[in-house]
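With the first letter of the sequence shown counted as 1, position 105 gets the number 199 in my numbering; the numbers rise by one all the way through. Where is the CB? At the ideal position from N, CA and C, for every residue including glycine. The structure presented is a predicted model; accordingly, all values stated were derived computationally and were not measured. Single-structure report; data block below.
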Amino acid sequence: MPRYLIQVRATPMSEAGEFPDDPTLVARMMAFHEELAHAGVLLDCSGLMPSSQGFRVHYSAQGEATVIDGPFAETKELIAGYTLIEVRSRDEALAWARRFPAPFPGQPCDIEVRPLFGGMSDATPEEAERELREQLGQIRSAR
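Structure representation (structure tokens):
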């Protein structure tokens with residue numbers, strides 16, 4: 095079955111290490127993730143520390159690695175948390191994503207959902223063919 099990564103985009107508030115003062119937010123997030131687990135689709139989930147606690151490894155065209163310590167300037171490009179699910183289809187992933195609680199109430203914010211490569215290792219040949227045809231159809235319709 096295909097796996098999807100639900101990425102919670104960072105905000106200036108999350109990058110500052112501050113989290114919404116909303117006692118119901120944690121309860122809503124926990125309830126949502128418990129529902130994912132009960133449905134058997136949750137593989138993993140976690141929040142991420144601010145980029146000031148992290149680093150990047152940049153590779154030159156020649157393959158030389160340079161370590162760059164955070165924080166990183168482009169907050170809109172950063173991730174504040176993630177949920178990894180394994181579902182039957184893109185439509186099912188979309189249905190779960192639409193139910194994801196707003197991560198930063200009172201602020202505009204985004205989640206991004208992307209499929210992972212693979213995910214069909216335990217599929218029957220018929221299931222794998224169906225999934226590949228579905229993916230091919232999505233690629234063709236995106237053009």
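Selected residue, minimal CA-CA separation from GLU129, among PRO195, CYS203, GLU220, GLU223: PRO195
Outcome for ARG182 when other beta-carbon atoms lying within 10 angstroms are tallied against a minimum of 16: exposed
Which listed residue (THR118, ALA125, GLU180, ARG192) has its alpha carbon closest to that of LEU210: GLU180
Residue range of the unbroken beta strand (DSSP E) whose run includes GLN322: Outside the modelled stretch of the chain, which goes from 95 to 237, sits residue 322, for which no answer is possible.
Contacting residues, own chain, Cβ-Cβ under 8 Å from LEU188 (five flanking each side not counted): VAL207
Residue-level contact to chain D via CB, GLY200, 8 Å cutoff: The displayed structure is made up of one protein chain only, and chain D is not part of it.
Local conformation of ALA174 per DSSP, three classes: strand
Sequence-distant residues of the same chain with beta carbon closer than 7 Å to ASP138, five excluded per side: LEU178
Contact under 8 Å by Cβ, PRO82 with VAL102: Within the shown structure, residues of the chain are numbered from 95 to 237, placing residue 82 beyond reach of any answer.
Nearest-angstrom Cα separation, counted from THR118 out to ARG193: 16 Å
C-beta atoms of THR169 and PRO106 nearer than 8 Å: yes
Own chain partners of MET273 with C-beta closer than 6 Å, once the 5 adjacent residues on each side are dropped: This structure cannot speak to residue 273, because the chain is shown only from 95 to 237.
7 Å CB neighbourhood of ALA191 in its chain, flanking five on each side removed: ILE100, ILE205, VAL207
Endpoints, the beta strand (DSSP E) within which ARG182 is located: Run containing ARG182: none; DSSP gives neither H nor E here.
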